[in-house]
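For reference, the structure discussed in these notes is given below.
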Ligand code: PEP
Ligand code: MG
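Residue numbers (UniProt numbering): 1 to 920.
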């Protein structure tokens, strides 16, 4: 337990006046926001106009939770000293009746958690100091507006939420105050807050205070110091608020990190028409284009921009969109300040060598920088920015590769609405394209419903006026998000962009009647809850009904191609694909697969064109003696060979790992009465005979039953037929002057004797095929899957019989955990909730358990045969973390489904770079 009380302990870091105690490298201690404020204020190349302030470290947060919500003893005096320093720089005093300094309190964790924690602005105002503010600002309306905002925020965030008070009858104090505000506007016959007069706002302050007393049973604190410490405590408390915890779970942010608290002198964007506040990016975060991009609001505070109440105006022409094109740009309205801001943003991007997301305020013509941080971007933009910056020589190739999260690549491969169908479809509404890709889903109007419906397996689109941090769970579970309000920097846009989720915001052409569960388009169309809509998030278009989705075309994406060229130079691990058809194989080759790591032969018995081969297989299964079985297999061999030959040919000499038949035979026989009758007729046997065979095939635990190599042991003729088909297909291709490299793989083995048994069949058939085709040799490798824990442990003796191993981590995970891979959904959510497991082990390799078996398998196998080729072909082969793990174990390749090949390639390159960085 951390009980730091040493008086030399530094808990408060000051910044301002061209100096700072901290810097950008201290994110763990100061949080992202605090570290960057220090960097902007104090770094010799920057020294930007940052309002002075200080950061209370994340260590204080940890202390606070470890010590029953108390602070280190020295904290108070350190805060007092820091406030004095701000006072000196600002020439004002905190709590002063004549010229009061006002402060803001904001959270700031190591990684940004937008809107998830609390903020209090305008601290230091009370009935006395407000008079001083009026005197100094000469603006009574502004002063009372600041005051009423403080009272509202304080009551909500500090007294109610941080105080752990349950809202009366479920209605929070904020809501009660909002109702008062609305009533006041109605009484005065005005629409906007800005139209209320100073005396209206003064009345509201009084009424708000009375509400606090009545409902929360305390007085609003007039003492500025009490206000300040209340605000600080509320930020720490909000680290463990419901929505922050929820967000951390989704974003995998550790609970023990804690948040820092930033206290800063207030500057006001709402001091009149020569004041404004805005959010901007050094490049366009939606598509990566290299131009300054942002939005601002005149006469407003930061919260107004994020809340999406007014439509923000573009800062320059390139930031205009359909909703804002008629509004005056900042460049035009305040050319001097825009120029200064533009120079700062260039400086910041060069300094950080990455796209920055900045917040600024202009108070009576003076520009202030309130925040800068590495900007969130979607996948398309991430790839473009990384490769552009590499070409601009701002960053090197390795940095460019590390800049793209493997999951972000998924977005480039995202399905889009089929453009041909889209051309003919009628747009029902248009909004801002906040998150790319296409999505289809059924309309729901609340986050809770989105989560409930998704749990039932429904695809939903969450439709809201605007979203708030309380909605994250439903937003996460929805296919897409559609809001009628808000801009590109609204909560919905920020969150969706971070996730790479399809999202349209500011779609003002729809009206949402949440109570009636219906949305109405501007043309009067009504779309009810549960009805389908389709979204084009790349263009911001909404359609009624279901439009078909189509895979993206990467051939036109130059940035992607550049990135993949860089990736190819760095990566050492091979990337293959799991493909069962020549079409899949071609798709994967297009994505850069270097072979097939798993060709499941049984797939020829499912889907298109499978009727006749399946009939022959069933004939083989129903055969009662070896002679009949062989006859059926001979007929089947023709199809098997054709299938394998086409796949080998499509891979042009790249290795193709062909797995011998794996599933238990009962999977191939029909179980319902009618189908059985049909089959009996086709086969010319009595139904009762068929029934007896089906019964005989029944197993209690088929996953652990008569499957994999066990089939080949019981029915060697099955192995023989498949091996013959593989070798003949290869031999024929060689004779046609083509190259082919099959790898024959035996599934579900547990020891070397089984393998030897199968190898003997291969050796015998090989000689026969060479003779038949008059070939001296036919290339092939013989190997095994390692998917039973015993096989991993016995890897040394297994290696005596194998040229290669391929880890079947689906079964290996199933058998190591004892979790059925088909039934884990029943209990996994609870395990994840209770943190009994960090992740779904079928998605990402359980490195310390199953991973240990894999490590043993690789080491023991190679101890006997150093040249042993090792790969993985379970689903984990396409999971970035698992790919990196495989790299570290020195595997030769990973194999994954075609659409995950680019992700695996990128992860492989990143693993190689991380290894180099660790060595340096
Ligand atoms: C595995 O078990 O990891 C594997 C690839 O085989 P299957 O999923 O076909 O059982
Ligand atoms: Mg398996």
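In this text, a Cβ means the ideal position worked out from N, Cα and C, and glycines have one as well.
- Within the stretch 224-275, the runs of alpha helix (DSSP H) that reach at least 4 residues and sit entirely inside it are, in chain order, 224-238 and 242-251.
- With respect to the 9 Å criterion, residue 104 and residue 126 are not classified as neighbours on the basis of their beta carbons.
- Secondary structure note for residue 439: its beta strand (DSSP E) is the uninterrupted segment 438-444.
- Excluding the 5 residues flanking it on each side, residue 548 has same chain C-beta neighbours closer than 7 Å at 418 and 421, in chain order.
- Checking the 8 Å criterion, the Cβ of residue 329 is out of range of every heavy atom belonging to the ligand PEP.
- Scanning its chain for C-beta atoms nearer than 7 Å, with the 5 sequence neighbours on each side dropped, one finds around residue 865 the residues 799, in chain order.
- For residue 113, the closest C-alpha among the options 252, 343 and 644 is that of 252.
- Cα atoms of residue 27 and residue 260: separation of roughly 9 Å, rounded to the nearest angstrom.
- Of all residues, those with a beta-carbon under 5 Å from at least one heavy atom of the ligand MG are 787, 808 and 811, reported in chain order.
- Membership of residue 208 in the alpha helix (DSSP H) is indicated by the continuous run 198-211.
- Scanning the UniProt domain "PEP-utilising enzyme mobile" (458-540) from its first residue to its last, the whole beta strand (DSSP E) runs of 3-plus residues come out as 460-464, 480-483, 502-505, 510-513, 518-521, 526-528 and 532-536.
- For the stretch 723-762, the continuous beta strand (DSSP E) assignments of 3+ residues that do not extend past its boundaries occur at 741-746, in sequence order.
- The distance from the Cβ of residue 220 to that of residue 151 is about 6 Å, consistent with a contact at the 8 Å cut-off.
- Counting the other Cβ atoms within 10 Å of the Cβ of residue 838 gives fewer than 16, which makes it exposed.
- Relative to the ligand PEP, residue 798 has its C-beta separated by 8 Å or more from all heavy atoms.
- Secondary structure at residue 675: helix, using DSSP grouped into helix, strand and coil.
- Here residue 223 has no same chain residue with a Cβ atom under 7 Å from its own Cβ, once five neighbours each way along the sequence are excluded.
- With a cutoff of 9 Å on beta-carbon distance, residue 428 and residue 504 are scored as not near each other.
- Per DSSP, the unbroken alpha helix (DSSP H) holding residue 639 starts and ends at 626-650.
- Residue state for residue 821 is assigned as coil, using DSSP reduced to three classes.
- DSSP lists 598 as the beta-bridge partner residues of residue 578.
- The beta carbons of residue 286 and residue 436 sit closer together than 9 Å.
- Residue 356: member of the beta strand (DSSP E) spanning 356-363, first to last residue.
- Shown here for residue 404: same chain residues with a beta carbon closer than 6 Å to its own, the five before and five after excluded, namely 382, 383 and 386 in chain order.
- In the three-state reduction of the DSSP assignment, residue 122 falls in the strand class.
- Between residue 556 and residue 438, the C-beta gap is not smaller than 9 Å, which leaves the two residues out of contact.
- A Cβ-Cβ distance of about 23 Å is found for the pair residue 265 and residue 162, leaving them out of contact under the 8 Å criterion.
- The beta carbon of residue 451 sits closer than 7 Å to the beta carbons of 473, 474 and 477 from its chain, once the five residues preceding and following it are set aside; these are given in chain order.
- Under the 10 Å beta carbon count, residue 76 is surrounded by fewer than 16 other beta carbons and is classified as exposed.
- A distance of 9 Å or more separates the beta carbons of residue 45 and residue 145.
- At least one heavy atom of the ligand PEP lies closer than 8 Å to the C-beta of residue 598.
- Between the stretch 566-584 and the stretch 885-892 there are three or more C-beta pairs closer than 8 Å, enough to call the two in contact.
- Nearest Cα to residue 416 within the set 32, 501 and 318: 501.
- Exposure of residue 836 is indicated by the presence of fewer than 16 other C-beta atoms within 10 angstroms of its C-beta.
- Within the same chain, 602 and 707 come within 7 Å of residue 663 by CB-CB distance, once the 5 residues on both sides are set aside.
- Looking at the backbone, the Cα of residue 71 and that of residue 233 are separated by about 9 Å.
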